[in-house]
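Asks:
There are 2 protein chains.
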Amino acid sequence: MAVGTELLLGQIVDTNSSWIGEQLALAGIDSHFQTKVGDNLDRMIAAFEQALDRSDAVIVCGGLGPTPDDITREAIAAVMGVGLRRDEAVVERIRAMFYRRDRQMPANNLQQADVPVGARVMDVQPGTAPGLICPVSRDGGSGHPGGGKVIYAVPGVPWEMQKMVSECVLPDLQARAGERHVIRSRTLRTWGHSESGLAELLEPEMRRLDSTGEATIAFLASGMEGLKVRITAKAADDETAEGVLSRVESRARAVIGEAVFGADDDTMESVVVDLMQSQGLTLALAESVTGGLIAARLTDVPGASKVLRGAVVPYDREIKTGVLGAPDVNAVSSEMALAMAEGACRVLGADVGLATTGAAGPDPHEGAEAGTVWIGLHLDGEGEAARVRFNMARTMVRQLGTITALNLLRTRLLARAG
Amino acid sequence: MAVGTELLLGQIVDTNSSWIGEQLALAGIDSHFQTKVGDNLDRMIAAFEQALDRSDAVIVCGGLGPTPDDITREAIAAVMGVGLRRDEAVVERIRAMFYRRDRQMPANNLQQADVPVGARVMDVQPGTAPGLICPVSRDGGSGHPGGGKVIYAVPGVPWEMQKMVSECVLPDLQARAGERHVIRSRTLRTWGHSESGLAELLEPEMRRLDSTGEATIAFLASGMEGLKVRITAKAADDETAEGVLSRVESRARAVIGEAVFGADDDTMESVVVDLMQSQGLTLALAESVTGGLIAARLTDVPGASKVLRGAVVPYDREIKTGVLGAPDVNAVSSEMALAMAEGACRVLGADVGLATTGAAGPDPHEGAEAGTVWIGLHLDGEGEAARVRFNMARTMVRQLGTITALNLLRTRLLARAG
């Protein structure tokens, strides 16, 4: 159950439920319904009653904040038929959190420490909202009370929610469920083929899996994160599932080839940082059309400082020539991309230079059509330039230019390693 | 109701319901629940029954395709208590569609022409799936039959669904509803107060609105996008709703003050670009802890090139001293932030320099706790530094550091303009 009038009004998309649904599937727990309800006490209570009628457990997400429209606590208390008590341990947690940020706790935050009588507060609490495990007695169809159902309440802030679901809700649910089958999945991260191209390459394997039923393959286009190929296996135990995954993964990698840049939590930037580090190389960036996106991605990887010397974003043409020492050529050209890559190497004192220049749009730039991106790479004293064009909106051009540039560096590093 | 097991498994995010929710709000039709259900006949029927119990109309999206797991037609027929009939006019429409694409109609597609007896086929049919308007007789609580409820069935393909909802469902719903009202909303974008702090400031206004019922106020924490305050008004017509919004907006701005950086589609970066441009100033960035995020945000604004000269990401300490000419002081300090801002101005030839340096985490850096961010600003020959600390994960520290730095520049520009 996702709570929030803004969800019903379409002002934000409920991605939390999708994430939770995926985690439940991976944990082998059947999930049959997802409901969105507004910040309205009567309708929340009705939604809880329906959910408890048809399910053994309900995860509710949102409405645990400090403002008056955050009423999930009250709704759960009503469903449990109990009142709220102020949990002093939670008050202290919240106060300490504000103290660490050098701030006074506003009085409103106290309401976050109100928990239904009989509910247990989760140990994991990344933000000011505590997660709640709320046992609910339920007369089953057979008429005897105490069905042992449960409501888990987690905040709507994604990173807080994800930590609580992973570390508290799923283990608790699995413990309640007893022995079950497992669903495991592996995601191959790719860049270089289109979605339909991948589907064509994998068609024989997908047909084979259709007949054996041991696994499924699905595709997911994820912008700057690349194109994901997800293999999902359902089996009696972990070992069997992992065996199926490994076999399907090998076959998939064999047909997709070098376009697979990693698996699961690998990202293009983490893979590039690892490759650079293993080859003992340092990197300098010169980003015009991507305007800092490559640097921002790389510096999001902890430990990137071992590899990345720095970046120059020469947004004005004068910086390209003045700071980076590029010649006075067309700003969207192979010559400029190469000169920027070489200049970044020299000015920032690095082994490898990677540069982008182009026309993000909506208008053409220096004679180049909107969507054009030139990538320059300088490595081992040699230059290499590549041109791509994305017939898309400005933000997508910049994002796809970013992953394409990193991918060019990755394939060059792979070739270099032999 | 969104139909599809892939939605429950989190393999795709249900953006259709969000879009429909937004359209309903704009049309002044209350929308209280959204449910996702898998491709399972019993559970679909149960979901329909519940939806009809609590609502006058149900829009169901998906499950109208040509494959065996597309069973929305069967579920609706069961709820209506009728059978399916093959609609020859629909068969002809589908056949003609394939003919125009030079293709034979597969036999599977015939099932798309099966409609519940008593249902009306929508005139608009952009794809092979027809939309259905299905009247449902319902015994109300009063016991008399024929409540005149309705199920609208539309396909899950977004562009087909959107056309049918806009051109058939909404007009039909509004005609059934008789009296009309409109819902309009405005979002104030803020940075500088916590969510609970905003709630405290706005409490008197929210209490007043609670009693008049003319509008509601809600809060939404959005990371690097700041904290949103959404005002929603429901009224008989556009003009009245806009009048209410304007009055509530004025009162809200009066208490929140300068922390309101914009409204609706404004972003912190677009506001900063506009302010810089109106004051005829150019900007240079030196980003260490934010690693290019500020540059990436600013360069996402079309026209940013008029304002932004460029950026240096001095990730290695040597670049701070070598390229930017900063003195050999602690890298996470007010002195370093100021020297970087001044150095960026000088090296990149700009009027204004904005710099960040800090410890993104997870480890401390140069004696500073993880989460510490120093911001340096150089403008009109004067320096200004500010320190903030976010007790959060690396990615959030960098993102909140980014909006905080841009906000420091914004408030300084406002003060400068008088």
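Respectively, the protein sequence lines represent chains A and B.
No gaps in the numbering here: position 333 of the first sequence is 364 in the numbering used here, and each next residue is one more.
No gaps in the numbering here: position 221 of the second sequence is 252 in the numbering used here, and each next residue is one more.
Even for Gly, the Cβ is constructed at its ideal location relative to N, Cα and C.
Everything numeric in this text was worked out from a predicted model, so none of it was measured.
Any chance you could list the alpha helix (DSSP H) runs of at least 4 consecutive residues sitting entirely within the region 281 to 329 of chain A, in chain order?
Replies: Complete alpha helix (DSSP H) runs here, min 4: 299 to 309, 324 to 329.
Asks: With C-beta atoms as the reference, is residue 338 of chain A less than 8 angstroms away from residue 369 of chain A?
Replies: Contact flag unset, no.
Asks: In the DSSP output, what is residue 183 of chain A paired with across the bridge?
Replies: DSSP output for residue 183 of chain A lists A/90, A/164 as bridge partner(s).
Asks: Do you know offhand how far residue 220 of chain A's Cα is from residue 304 of chain A's?
Replies: So the alpha carbons of these two residues sit roughly 16 angstroms apart.
Asks: When DSSP labels each residue in this structure, what does residue 524 of chain A get in the three-state scheme?
Replies: Because chain A spans 32 through 449 in this model, residue 524 of chain A falls outside it and cannot be assessed.
Asks: Using only alpha-carbon positions, find the residue among B/331, B/351, B/414, B/374 that is nearest to residue 298 of chain B.
Replies: Of B/331, B/351, B/414, B/374, the residue nearest in Cα terms is B/331.
Asks: Taking Cβ positions only, does residue 86 of chain B come closer than 8 angstroms to chain A?
Replies: No, no contact with chain A.
Asks: Give the secondary structure of residue 189 of chain A by DSSP, where H, G and I count as helix, E and B as strand, and everything else as coil.
Replies: Reduced to three states, the DSSP call for residue 189 of chain A is helix.
Asks: If you scan the region 55 to 136 of chain A from start to end, which runs of the alpha helix (DSSP H) of 4 or more residues do you find wholly inside it?
Replies: You should have 72 to 85, 103 to 111, 119 to 131.
Asks: Just checking: is the beta-carbon of residue 459 of chain A within a distance shorter than 8 angstroms of some beta-carbon in chain B?
Replies: With chain A covering only 32 through 449, there is no way to say anything about residue 459 of chain A.
Asks: Three or more C-beta pairs closer than 8 angstroms, one from the region 288 to 297 of chain A and one from the region 358 to 373 of chain A: is that the case here?
Replies: No: fewer than three Cβ pairs fall under 8 angstroms.
Asks: With H, G and I counted as helix, E and B as strand and the rest as coil, what does DSSP make of residue 338 of chain A?
Replies: DSSP places residue 338 of chain A in coil when its eight states are reduced to three.
Asks: Tell whether a beta-carbon distance below 8 angstroms holds between residue 76 of chain B and residue 33 of chain B.
Replies: No; because the gap between Cβ atoms is not below 8 angstroms, this pair is not in contact.
Asks: Using DSSP bridges, identify the partner residues of residue 389 of chain A.
Replies: According to DSSP, residue 389 of chain A bridges with A/404.
Asks: For residue 111 of chain A and residue 182 of chain A, I'd like the C-alpha separation in whole angstroms.
Replies: Whole-angstrom Cα-Cα distance: 10 angstroms.
Asks: Along chain B, which residues have their Cβ under 8 angstroms away from the Cβ of residue 426 of chain A?
Replies: By Cβ distance, chain B contributes 331.
Asks: Consult DSSP for residue 145 of chain A and reduce its assignment to one of helix, strand or coil.
Replies: In this structure, residue 145 of chain A counts as strand in the three-state DSSP scheme.
Asks: Along the beta strand (DSSP E) that carries residue 213 of chain A, what are the first and last residues, could you check?
Replies: Residues 213 to 221.
Asks: For a contact meaning CB atoms closer than 9 angstroms, what does residue 63 of chain A contact in chain B?
Replies: Under the 9 angstroms cutoff, chain B gives 39, 68, 69, 71, 74.
Asks: So which residues on chain A does residue 169 of chain B lean against when the C-beta distance must stay under 7 angstroms?
Replies: Within chain A, no residue comes near residue 169 of chain B; the closest Cβ sits about 17 angstroms away, beyond 7 angstroms.
Asks: Apply the 10 Å Cβ neighbour rule to residue 410 of chain A and answer buried if 16 or more other Cβ atoms are within range, or exposed otherwise.
Replies: Residue 410 of chain A should be labelled buried.
Asks: Pick helix, strand or coil for residue 244 of chain B, following the three-state DSSP scheme.
Replies: It is coil, neither helix nor strand.
Asks: Between the alpha carbons of residue 50 of chain B and residue 429 of chain B, how many angstroms are there, rounded?
Replies: Looking at the two C-alpha atoms, the distance is approximately 31 angstroms.
Asks: Please list, in chain order, all residues of the same chain as residue 372 of chain B whose beta carbon is under 7 angstroms from its beta carbon, the five residues on each side excluded.
Replies: So the qualifying residues of the chain are 317, 384, 385, 386, 407, 408, 409, 414.
Asks: Distance check for residue 312 of chain A and residue 419 of chain B, CA to CA, integer angstroms please.
Replies: Rounded to whole angstroms, residue 419 of chain B to residue 312 of chain A spans 34 angstroms at the Cα level.
Asks: Assuming contact is defined by CB atoms lying nearer than 8 angstroms, are residue 319 of chain B and residue 388 of chain B in contact in what I supplied?
Replies: Cβ atoms of residue 319 of chain B and residue 388 of chain B: closer than 8 angstroms.
Asks: Going along the chain, which residues of its own chain have a beta-carbon closer than 6 angstroms to the beta-carbon of residue 56 of chain A, five neighbours each way excluded?
Replies: Cβ neighbours of residue 56 of chain A beyond the five flanking positions: 214.
Asks: Just to confirm, are residue 344 of chain A and residue 396 of chain A a CB contact at a threshold of 8 angstroms?
Replies: Their beta carbons are not under 8 angstroms apart, which means residue 344 of chain A does not touch residue 396 of chain A by this criterion.
Asks: Please list the partners that residue 346 of chain B has in chain E, where partner means a Cβ-to-Cβ separation under 7 angstroms.
Replies: Chain labels in this structure do not include chain E; the protein chains are A and B.
Asks: By Cβ distance, which residues of its chain are closer than 8 angstroms to residue 276 of chain B, with the 5 residues on each side in sequence left out?
Replies: The residues are 215, 216, 217, 246, 262, 264.
Asks: Kindly indicate the opening and closing residues of the beta strand (DSSP E) around residue 419 of chain A.
Replies: Here the beta strand (DSSP E) through residue 419 of chain A covers 413 to 420.
Asks: Just by C-beta distance, which residues in the region 194 to 217 of chain A are closer than 7 angstroms to chain B?
Replies: Those would be none; no residue qualifies.
Asks: Would you verify that the beta carbon of residue 422 of chain B is, or is not, closer than 8 angstroms to some beta carbon of chain A?
Replies: Judged by the 8 angstroms Cβ criterion, residue 422 of chain B is in contact with chain A.
Asks: On the three-state DSSP scale, how would you describe residue 169 of chain B?
Replies: Of the three classes helix, strand and coil, the one that applies to residue 169 of chain B here is coil, per DSSP.
Asks: Cβ of residue 9 of chain A less than 8 angstroms from any chain B Cβ?
Replies: It is not possible to answer for residue 9 of chain A, since the shown part of chain A is limited to 32 through 449.
Asks: Taking 8 angstroms as the threshold (C-beta atoms), are residue 78 of chain A and residue 64 of chain B in contact?
Replies: Yes, Cβ-Cβ distance for residue 64 of chain B and residue 78 of chain A is below 8 angstroms.
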